[in-house]
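Comments concern the structure below.
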Amino acid sequence: MIRLRPALVISFIMITGFLIYNLWAISTDQAEISYSTFLTELQQGNITEVVIKGNQLTLKDKSKDTFVTFSPDVSALMPKLLERDVTIITKPSSEYDKLLREILIVVLLLGGWWVMSRKRVRKSIGFDSQFGKRVHTRSTVTFNDVAGTSEAQEELKEITGFLKHPERFARLGGRIPKGVLLQGPPGTGKTLLARAIASEASVPFYPFGGSDFVEMYAGLGASRVRELFDEAKKNAPCIIFIDEIDAIGGKRSGTLKSGSNDEREQTLNALLVEMDGFSTVETIIVIAATNRADILDSALLRPGRFDRQITLTLPDVKERLKILEVHAKSVAMASGVDLISISRSLPGFSGAEIANLVNEAALLAARRRKSKVDLQDFEDAKDKIIMGLERRSAVVSEKARRQAAYHEAGHAVVTMLLANTDPLHKITIMPRGRSLGLTQQVPLDDLHVFSKEYLVNRIKVMMGGRAAEELVFSEQTTGASGDIRTATDIAIRLVCEFGMSRKVGPVAFDLDQAIDGSVDPIHYQGISEQTRREIDLEIRILLTECYDETLTLLGKHTDLIHMLAESLLVNETLDSEEAEIVYRCYQKRRAIDSEKQKDSDQKRN
Ligand code: ADP
Ligand code: ZN
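In terms of the numbering used here, the sequence shown is residues 105 to 709.
In structure tokens form, the structure reads like this:
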């Protein structure tokens, strides 16, 4: 159905009215002659009839043609007309006529307004959308249709529980969460997950785009929000899904152009009021999705609003395989299509792009009149999609991937080789935001007491990325800047806060303002110039030494770096067990190598 904008309809009615008005005016528009010509004609006896309307005279001559003219003084004209025996007809003045036209316009406008005010018409032209009712759906997607997002699903299972048995949680006095924020790149299955929750809990699902709310007509966004929540309350428990919440919930700033901004702010406020408003008795869970959580207004993220945040990432190779399998189920696959190798060849693909790939491959196969989709179709579909992607520069270049793999391997190897460090949790070269990779460690325990060795080793782990890059590629990149920052922070605290430096001594300097980076601790007023220089030097020496030692350490284990990096390039993500396996392989190889070495040494002797 075509949705007409209200403004469009109103202008249409007004233009029609205006045209009718003008047509009317034209219809009375006969040939005009000058008053003097009229007098001459009258004198010659050519005029047979005069219709007088105010000062307007409509004349008929002998040949029955009509003309119009305007008389400066009608009463002075009367004797002349009578003298020439002209038929005189008088009509009310044309003022009356004008009035009539104006009334017509008012009637038209009122009529238009009346038509617009009728609910059914408003709805059909989109003036009054019945926002809530229109979109209520029951979702049929289940968790089985969503693959490779097991961490997120685990967290969301709880929500399903809330929706299914709200009374259980309410009885215990627990506060049921009202808002869940799903964040992650486009096409990672945020909408899909929200739908799956709704259908798993078998509750109604109300999906919206954030921009649906923000219209150019003031107040409409806010009233839509209210309408929606009213409707949802009637059908609770249920799920409201707001895609691209950043369209309404972006950070508020006074400097932007105000028009649509005011509107957005009103909409956002209405949303916040509604979320604060509904009680835990009405189990409404609002799930919002965004790929830009960093620009969201902090008011949205406060407790009681979107206080649960779940991050979805682009799938790694194993997750891609699962997603491929889900979508491959719906097409006829030729035997021998190796989904594993296909998923390997799709680094950086999102779930949506994988779904698209399967679909494209199926279309290609159909066009080629095959009964099954084979590897060639997949290859061609992939080429087609990647060409589209490259323009978006979503795919990381092979060189950058290698660099990231070695960088992360460097961190990991230091973690593995040094004793007093947090164990490895996960290594990945999946791009995330601006960073190309990540090495995660799990803190051993939550004791907040750290040894100096632990802190120094942490600095070394940080340096591992840069050191590996330098060893393998003999070049430095900005990819390590975050690590250097972190290492510097640790070194500063080690010297200034924990008093662990030999040279500076067991002295604590006031670091309160320095922790958040706002004030350089070295410029703290109470420290003498001499001490300041010592601190400065000490921090630099500590960092440089750590870097050099890391370089030496990694230099002795370059094979391990290569093995880990190669494994990362293939698998993209290694969990702690997988990394451990690589490490053990490496140790075994070394043992065999040193055996061989011994043998050959003995032979030589
Ligand atoms: P988002 O909301 O994060 O942009 P969607 O949920 O709209 O992404 O995903 C679009 C489509 O991509 C889905 O309909 C589905 O076909 C496919 N898709 C995305 N992620 C997955 C996944 N994890 N498992 C299976 N299919 C997925
Ligand atoms: Zn790093």
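For every residue, glycine included, the Cβ atom is placed at its ideal position computed from N, Cα and C.
Would you mind sorting Q287 into buried or exposed? The rule is 16 or more other CB atoms within 10 Å of its CB. buried
Can you tell me which of the three DSSP states T368 falls into? The sequence given here places Arg at residue 368; Thr does not occur at that position. R368 falls in the helix class under three-state DSSP.
To the nearest angstrom, report how far apart A731 and A470 are at their CA atoms. Examination of residue 731 is not possible in this model, given that the chain is present from 105 through 709 alone.
Under a Cβ-count criterion, where at least 16 other Cβ atoms within 10 Å of its own Cβ denotes burial, should G291 be classed as buried or exposed? buried
According to DSSP, simplified to helix, strand and coil, what is V154? strand
For F333, report the span of its alpha helix (DSSP H) as first-last. 324–338
Rounded to the nearest angstrom, how far is the Cβ of Q160 from that of F174, given a contact under 8 Å? 6 Å
Using a threshold of 7 Å, is the CB atom of H515 nearer than that to any non-hydrogen atom of the ligand ZN? yes
Nonlocal neighbours in the same chain, by C-beta distance under 8 Å from L146, ignoring five residues either side: K184, L185, R188, V190
Is the segment 647–664 touching the segment 559–566, taking contact as three or more C-beta pairs under 8 Å? yes
Keeping to the same chain, check which residues put their C-beta closer than 6 Å to that of E153; ignore five residues upstream and five downstream. K164, T191
Spatial neighbours of V421 in its chain, beta-carbon cut-off 7 Å, leaving aside the 5 residues before and after: S447, R448, N675, E676
If we call anything under 8 Å between Cβ atoms a contact, is A504 one with I391? no
The alpha helix (DSSP H) spanning D411 covers which residue range? Here D411 belongs to no alpha helix (DSSP H), and DSSP marks it neither H nor E.
Which whole-angstrom value is the C-beta distance of A572 and L673, which I expect to be below 8 Å? No, A572 and L673 are not in contact; Cβ-Cβ is about 14 Å, not under 8 Å.
Over what stretch of residues does the alpha helix (DSSP H) that includes I458 continue unbroken? 455–471
Under the three-state reduction of DSSP, which class applies to E348: helix, strand or coil? coil
Whole angstroms are fine: how far does the CA of L404 sit from the CA of R396? 13 Å
Cα-Cα separation between P311 and I344, rounded to whole angstroms: 6 Å
Are there three or more Cβ pairs, one per stretch, closer than 8 Å when the segment 564–571 is compared with the segment 584–595? yes
Pick from S475, L372, A595: whose alpha carbon is nearest that of E642? A595
Report whether the distance from the Cβ of A456 to the nearest heavy atom of the ligand ADP is below 7 Å. yes
Tell me the DSSP secondary structure of V172 in three-state form. strand
DSSP on D703, reduced to helix/strand/coil? helix
The segment 429–440 in contact with the segment 298–308 per 3-pair CB rule at 8 Å: no
Given 7 Å as the limit, tell me if D526 has its C-beta closer than that to any heavy atom belonging to the ligand ZN. no
Distance CB(P451)-CB(G252) smaller than 8 Å: no
Report yes if the C-beta of A470 is less than 7 Å from at least one heavy atom of the ligand ADP; otherwise report no. no
From the DSSP secondary-structure annotation, give me the bridge partner or partners of L285. A392, Q413
Of all residues in the structure, which have a C-beta closer than 5 Å to any heavy atom of the ligand ZN, taken in chain order? G569, D587
Can you round the beta-carbon distance between D378 and R330 to whole angstroms, since I take them to be within the 8 Å contact cut? The amino acid occupying residue 378 in the given sequence is Glu; Asp does not appear at that position. At roughly 7 Å, the Cβ-Cβ gap stays under 8 Å, so E378 and R330 are in contact.
Does any residue of chain C have a CB that is nearer than 8 Å to the CB of S698? Absent from the structure is chain C; it holds one protein chain and no more.
To the nearest angstrom, how far is it from the Cα of A326 to the Cα of R406? 20 Å
Measuring only the C-alpha atoms, how far is D350 from L123? 44 Å
Residues in the same chain with beta-carbon distance under 6 Å from E259, minus the five sequence neighbours each way, listed in chain order, please. I414
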